[in-house]
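The structure under discussion appears below in the form of structure tokens.
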Amino acid sequence: MLKFMKDFRADEDGAVTVDWVVLTAAVVGLAAAAASEIRGGKNELTNQTADYLNRQDPSTGPNIQDFVGGGTGNTGG
């Protein structure tokens, strides 16, 4: 029994497994935190973009004729 106790105490395989479990848990935790932050930023950016687009008035902006042929019907080709 004494030999078993000495061997058990000297065996480091379990310690390596614990290290990997802790390391994996830390990586998963950091990934979850990052995903939460990205999700929050994404929603805010989406809302800001929707607000901006809703404020636009297409009737006051440039027309396609302003870019091709100066409004004369000429396609520039």
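Taken in order, the sequence shown gives residues 9 to 85; the numbers are from the working numbering.
All C-beta atoms in this analysis are idealised placements derived from N, C-alpha and C, irrespective of residue type, glycine included.
Same chain, Cβ closer than 6 Å to R63, five either side skipped, listed in chain order: Taking the sequence shown and counting its residues from 1, one reaches residue 63 at position 55. Taken in chain order, the list of residues that qualify is empty.
Does the beta-carbon of A33, which I'm using as the reference point, lie nearer than 7 Å to any heavy atom of the ligand ZN? The ligand ZN is not among the ligands present in this structure, which contains no ligands whatsoever.
DSSP three-state call for G69: helix, strand or coil? Within the sequence shown, residue 69 is the residue found at index 61, counting from 1. In the structure shown, G69 sits in coil (DSSP, three-state: anything other than H, G, I, E or B).
Name the two residues that bound the continuous alpha helix (DSSP H) containing M13. Mapped onto the sequence shown, residue 13 falls at position 5. DSSP places M13 in the uninterrupted alpha helix (DSSP H) bounded by L10 to A18.
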